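In the working numbering, the protein residues as written are 44 to 632.
Listed below in structure tokens is the structure:
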């Protein structure tokens with residue numbers, strides 16, 4: 044089954060801005076913030092936001108004290124904003140800039156004596172705001188038939204709800220011109236360009252697929268219109284809020300499924316729907332291809348690919364430090380990273396459920412078994428290390444305890460009331476840092492411990508830094524993929540703190556610094572360094588940087604198509620490190 048996700052699906056600019064404002068200010072206010080009306084038309088996201096201190100103001104109850112109130116993206120009538128301001132409440136204006144533009148158009152033409160005719164859905168939050176700005180000069184029309192009911196008007200300005208149907212607006216505009224032929228008529232098509240593009244793409248998508256899944260709130264006007272477009276095109280159309288509402292039987296025989304979503308639907312919810320359809324296709328439709336894809340998904344969910352990547356990095360570490368590859372070390376690297384990633388996945392599964400529905404269900408279904416496997420493999424690995432070498436045992440015991448402690452409360456109870464962080468994972472950006480430290484510590488020093496060599500030279504330090512940076516970049520790549528869901532779920536990563544654009548620049552800067560270090564540092568140390576085989580071996584690692592650079596620049600849509608492919612391509616950085624070592628050994632032998 045082929046799945047096509049619309050490029051315009053998901054949060055529009057205005058909704059994203061309002062959600063960002065809510066999250067930003069909820070963290071600053073001890074009592075959280077309240078929104079004037081539901082922030083967005085998505086119950087699932089509203090429930091998560093509630094856990095972050097963002098609640099909806101009950102206008103039927105009097106507000107106690109001075110509160111922080113957020114105007115949602117739809118905007119509110121000016122009288123309402125004035126009312127709450129005079130009561131002493133702090134107002135944060137989250138009105139979509141596109142909606143604000145319509146407000147200004149209405150004010151300008153109303154002051155010039157125009158009657159304001161608004162096309163929109165009666166009772167919709169944005170329309171209520173627009174009518175508030177139009178005042179007594181405002182008239183609402185929903186269909187062409189409503190034009191005939193308008194009184195005679197000398198000056199008419201036609202505007203629209205920003206999420207109104209583009210084709211219907213054009214039809215109403217023609218009717219207004221014919222109805223008021225002797226009047227001054229100004230047509231302002233204030234439908235948001237993003238809405239226009241979303242509707243146009245949905246129409247094109249519907250022509251390419253056998254069935255269309257529209258994801259979004261049932262009370263969302265723009266989402267309802269997308270569903271209507273699918274129905275009008277004669278395609279099987281399902282309007283769902285979550286993957287649990289999908290009627291699989293009605294689409295099970297379809298060859299191509301299209302997915303689009305309203306402006307209030309977060310990317311992680313779209314991804315859950317995509318993953319569900321993909322999962323059902325692979326498990327309900329028996330074929331060699333689907334079985335293979337399902338097995339790959341299991342390997343990805345169990346962190347097999349990244350654990351094999353650890354073996355690849357261990358091989359590169361052995362070669363670059365001048366040691367023979369030790370199969371024992373490779374096996375320990377595999378089991379250590381397998382158990383640590385499994386442990387941390389199990390411990391954070393609720394906080395990271397937006398990362399993938401198949402992954403979430405997979406861990407929930409086998410949670411007890413995985414805990415037993417992790418415990419058994421950890422004890423087996425440490426027991427083997429103790430039997431093999433005490434120094435190896437001490438290294439792996441330290442690394443294992445550090446990995447297990449990440450999700451545990453390690454502070455005494457009396458300190459938990461003083462310090463803001465109860466666990467290591469509560470420290471902002473700590474996850475990426477500790478993961479990278481685990482990679483570079485274990486994979487740099489294990490070859491030396493196995494060789495009973497404890498001296499540290501400049502190449503060992505360089506290798507430590509090299510592995511740290513690559514592992515750190517891997518974590519940031521996944522954080523880029525999950526930024527929207529991470530912000531809503533409250534996971535403070537480097538990406539959510541500094542923003543996606545800045546993070547990409549930082550990552551690319553790290554790559555260029557590494558490249559410069561590989562090329563320039565040896566010359567600074569002296570030309571004789573270029574005669575050192577060990578130094579030249581590092582040059583064969585340069586393709587890893589170019590691969591990472593390209594992947595960061597062009598990876599934005601891969602994860603929506605297939606999560607497992609995204610994981611495999613990301614872990615490709617580790618396999619390239621091993622390949623660089625193999626190539627260096629071949630050419631420099």
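Note that beta-carbon positions come from the ideal geometry of N, C-alpha and C, so glycine has one too. This one's a predicted model, so the numbers in the text were calculated from it and none came from an experiment.
Along the chain, where does the alpha helix (DSSP H) that runs through residue i open and close?
i: residue 250; result: 236-251
i: residue 162; result: From DSSP, residue 162 is part of no alpha helix (DSSP H) but of the beta strand (DSSP E) over 158-162.
i: residue 121; result: 121-129
i: residue 610; result: 606-631
i: residue 344; result: 331-344
i: residue 232; result: Taken as a continuous stretch (DSSP letters only), residue 232 belongs to no alpha helix (DSSP H), as it is neither H nor E.
i: residue 503; result: 501-524
i: residue 287; result: Run containing residue 287: none; DSSP gives neither H nor E here.
i: residue 267; result: 264-275
i: residue 541; result: 537-541
i: residue 363; result: 347-363
i: residue 68; result: 56-69
i: residue 490; result: 473-493
i: residue 388; result: 370-390
i: residue 187; result: From DSSP, residue 187 is part of no alpha helix (DSSP H); its letter is neither H nor E.
i: residue 172; result: 168-177
i: residue 214; result: 209-222
i: residue 590; result: 585-597
Tell whether a beta-carbon distance below 8 Å holds between residue i and residue j.
i: residue 366; j: residue 546; result: no
i: residue 234; j: residue 203; result: yes
i: residue 54; j: residue 306; result: yes
i: residue 355; j: residue 620; result: yes
i: residue 38; j: residue 353; result: Because residue 38 is not part of the residues shown, which for the chain are 44 to 632, the question remains open.
i: residue 4; j: residue 421; result: Lying before the first or after the last residue shown, residue 4 is absent from the chain, which here runs from 44 to 632.
i: residue 88; j: residue 241; result: no
i: residue 117; j: residue 168; result: yes
i: residue 512; j: residue 553; result: yes
i: residue 256; j: residue 230; result: no
i: residue 561; j: residue 581; result: yes
i: residue 438; j: residue 349; result: no
i: residue 96; j: residue 75; result: yes
i: residue 159; j: residue 153; result: yes
i: residue 239; j: residue 209; result: yes
i: residue 481; j: residue 446; result: yes
i: residue 122; j: residue 175; result: yes
i: residue 419; j: residue 429; result: no
i: residue 510; j: residue 522; result: no
i: residue 362; j: residue 624; result: yes
i: residue 475; j: residue 515; result: yes
i: residue 61; j: residue 115; result: yes
i: residue 299; j: residue 45; result: yes
i: residue 364; j: residue 506; result: yes
i: residue 279; j: residue 246; result: no
i: residue 594; j: residue 627; result: no
Based on DSSP bridge pairs, tell me the residues matched to residue i.
i: residue 136; result: 114
i: residue 198; result: 227
i: residue 302; result: 48 and 256
i: residue 282; result: 257
i: residue 97; result: 76
i: residue 293; result: None; residue 293 has no bridge partner.
i: residue 203; result: 162
Span of the beta strand (DSSP E) holding residue i?
i: residue 182; result: 181-184
i: residue 74; result: Element bounds for residue 74: n/a, residue is neither H nor E.
i: residue 320; result: Run containing residue 320: none in the beta strand (DSSP E); it sits in the alpha helix (DSSP H), 310-327.
i: residue 415; result: It is not in any beta strand (DSSP E) - residue 415 instead sits in the alpha helix (DSSP H) that spans 410-431.
i: residue 155; result: No beta strand (DSSP E) contains residue 155, which DSSP labels as neither H nor E.
Throw me the rounded Cβ distance for the residue i and residue j pair, which I believe falls under 8 Å.
i: residue 134; j: residue 127; result: 6 Å
i: residue 313; j: residue 320; result: Going by Cβ atoms, the distance from residue 313 to residue 320 rounds to 11 Å, so no, they are not a contact pair.
i: residue 385; j: residue 405; result: Contact doesn't hold; Cβ gap of about 11 Å is too wide.
i: residue 197; j: residue 227; result: 7 Å
i: residue 112; j: residue 79; result: 6 Å
i: residue 613; j: residue 520; result: 5 Å
i: residue 346; j: residue 388; result: 7 Å
i: residue 631; j: residue 579; result: 7 Å
i: residue 392; j: residue 379; result: About 21 Å; that fails the 8 Å criterion.
Less than 8 Å between CB atoms is the rule here; does residue i satisfy it with respect to chain C?
i: residue 439; result: Of the protein chains in the structure, only one exists, and it is not chain C.
**OP:** Report yes or no: do three or more beta-carbon pairs, one from the stretch 322-335 and one from the stretch 578-591, lie closer than 8 Å?
**Re:** no
Original post:
Counting Cβ pairs, one atom from each stretch, are 3 or more of them under 8 Å apart for the stretch 199-215 and the stretch 158-169?
Top reply: yes
**OP:** Evaluate contact between the stretch 177-195 and the stretch 210-223, counting only Cβ atoms and requiring at least three cross-stretch pairs below 8 Å.
**Re:** yes
**OP:** Pair every Cβ in the stretch 328-341 with every Cβ in the stretch 75-94, then say whether three or more of these pairs are closer than 8 Å.
**Re:** no
Original post:
Any contact of the stretch 249-261 with the stretch 223-231, i.e. 3+ C-beta pairs under 8 Å?
Top reply: no
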